[in-house]
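**Student:** Each residue of the sequence shown is one higher than the one before, counting from 1 in our numbering.
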Amino acid sequence: MAEAIASRTSHNEYSGWIDKLESGFSDQRKLFDGYPLGLYFTWEIGSISRRERAYLGKKLDSVQAWFKKGNSTRRFAWFNGSTGNWLVFYYSKSEQSLLHKELHRLVELKLIKEVDEASFKYGVYGFGLQVSVTFPPRLLGLASAIVIGADEVIGKYSQTDFEEARKHFGDINNRQTIEIKEFPEE
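#1: For residue 18, which residues from the same chain have a beta carbon less than 8 angstroms from its beta carbon, with the 5 sequence-adjacent residues on both sides left out?
#2: What ranges does the alpha helix (DSSP H) occupy inside the region 84-172, keeping only unbroken runs of at least 4 residues that lie completely in it?
#3: Between which two residues does the alpha helix (DSSP H) carrying residue 67 extend?
#4: How long is the line joining the alpha carbons of residue 159 and residue 2, rounded to whole angstroms?
#5: Suppose you measure from the CA of residue 145 to the CA of residue 135; what does that come to, to the nearest Å?
#6: Work out the CA separation of residue 76 and residue 102 for me, nearest whole Å.
#7: Tell me, to the nearest whole angstrom, how far the beta carbon of residue 130 is from that of residue 141; I am working on the premise that it is less than 8 angstroms.
#8: Which residue comes first and which comes last in the beta strand (DSSP E) that contains residue 76?
#9: Distance check for residue 151 and residue 62, CA to CA, integer angstroms please.
#10: By the three-class DSSP mapping on this structure, what secondary structure does residue 16 have?
#11: In whole angstroms, give me the CA-to-CA distance for residue 172 and residue 133.
#12: Are there 16 or more other CB atoms within 10 angstroms of the CB of residue 119, so buried, or fewer, so exposed?
#13: Taking only beta-carbon atoms, is residue 93 less than 8 angstroms away from chain B?
#14: Short check: CB of residue 106 to CB of residue 84, under 8 angstroms?
#15: Quick one: using the 10 Å Cβ neighbour count with 16 as the cut-off for buried, is residue 112 buried or exposed?
#16: Classify residue 185: buried if its beta carbon has 16 or more other beta carbons within 10 angstroms, exposed otherwise.
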């Protein structure tokens, strides 16, 4: 049992990625519906359990290897079972203003896909992280964040938008499911 606990403790170190991301929103005071916008992001990220954070953090940790292979962007989505919202992570070597536009479009596309395929009614949070253009690639940090509710796209998208969304996020039947285990097998 001590070995299993040590393995879990080691695996939990990946959760530091999510802790760091969450802490970046605690001082965001711009108001949305009377609440600081950062509070929405802090609440969303804060609802992710330590074990879920470890699995998600491990996914985030693997991004640098992706960029070392010569790729210029990386994206993936994570469903937060505690809130019913999706989180889109987008890594790019783009300039910050372009990265923000790309992230906004990806969040819209994720919403379109979920609304069309699953009658989704909640929101998608987007996190745009900038990657250096120099080698070896380094994560420069959070460059953009956005949240959009499903009501912003319901009835406002075309079949072309839906096809573009499927191109970026795949088919609902091909989702990768990650089983969150108390004691990971590594």
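Ideal placement from N, C-alpha and C gives every residue a C-beta, glycine not left out. A quick note: this is a predicted structure, and the numbers were derived from the prediction, not measured.
**Tutor:** Once the coordinates are examined:
#1: Along the sequence shown, one-based indexing puts residue 18 at 18. Leaving aside the five residues that flank residue 18 on each side, the residues in its chain whose CB is nearer than 8 angstroms to its CB run, in chain order, 45, 48, 53, 56, 57, 60.
#2: If we require 4 residues or more, the alpha helix (DSSP H) runs fully inside the region 84-172 come out as 96-118, 159-169.
#3: Here residue 67 refers to the residue found at position 67 of the sequence shown. DSSP places residue 67 inside the alpha helix (DSSP H), whose first and last residues are 63-68.
#4: As a position in the sequence shown, residue 159 is number 159, starting the count at 1. As a position in the sequence shown, residue 2 is number 2, starting the count at 1. If I take the Cα positions, the gap works out to 54 angstroms.
#5: As a position in the sequence shown, residue 145 is number 145, starting the count at 1. As a position in the sequence shown, residue 135 is number 135, starting the count at 1. Rounded to whole angstroms, the separation of the alpha carbons of residue 135 and residue 145 is 25 angstroms.
#6: By 1-based counting over the sequence shown, the position of residue 102 is 102. By 1-based counting over the sequence shown, the position of residue 76 is 76. Each residue's Cα considered, the two are about 13 angstroms apart.
#7: Taking the sequence shown and counting its residues from 1, one reaches residue 130 at position 130. Taking the sequence shown and counting its residues from 1, one reaches residue 141 at position 141. Confirmed, Cβ separation roughly 7 angstroms.
#8: Your numbering for residue 76 matches position 76 in the sequence shown. Element bounds for residue 76: 73-80.
#9: Position 62 of the sequence shown, counted from the first residue, corresponds to residue 62. Position 151 of the sequence shown, counted from the first residue, corresponds to residue 151. Taking the CA atoms as reference points, residue 62 sits about 33 angstroms from residue 151.
#10: Taking the first residue of the sequence shown as position 1, residue 16 is located at position 16. Residue state, collapsed to three classes: helix.
#11: Within the sequence shown, numbered from 1, the residue matching residue 172 stands at position 172. Within the sequence shown, numbered from 1, the residue matching residue 133 stands at position 133. Cα-Cα distance, rounded: 33 angstroms.
#12: For the purposes of this step, residue 119 is taken as residue 119 along the sequence shown, with counting starting at 1. By the 10 Å Cβ count, residue 119 comes out exposed.
#13: Included in the structure is just one protein chain, with no chain B present.
#14: For this step, residue 106 is matched to residue 106 along the sequence shown. For this step, residue 84 is matched to residue 84 along the sequence shown. It is not a contact, given that the beta carbons lie outside the stated cut-off.
#15: On the sequence shown, residue 112 is found 112 positions in, with the first residue counted as 1. Classification of residue 112: buried, given that the 10 Å Cβ count is 16 or more.
#16: Position 185 of the sequence shown, counting from 1, holds the residue named residue 185. Looking at its Cβ environment, which holds fewer than 16 other Cβ atoms inside 10 Å, residue 185 is exposed.
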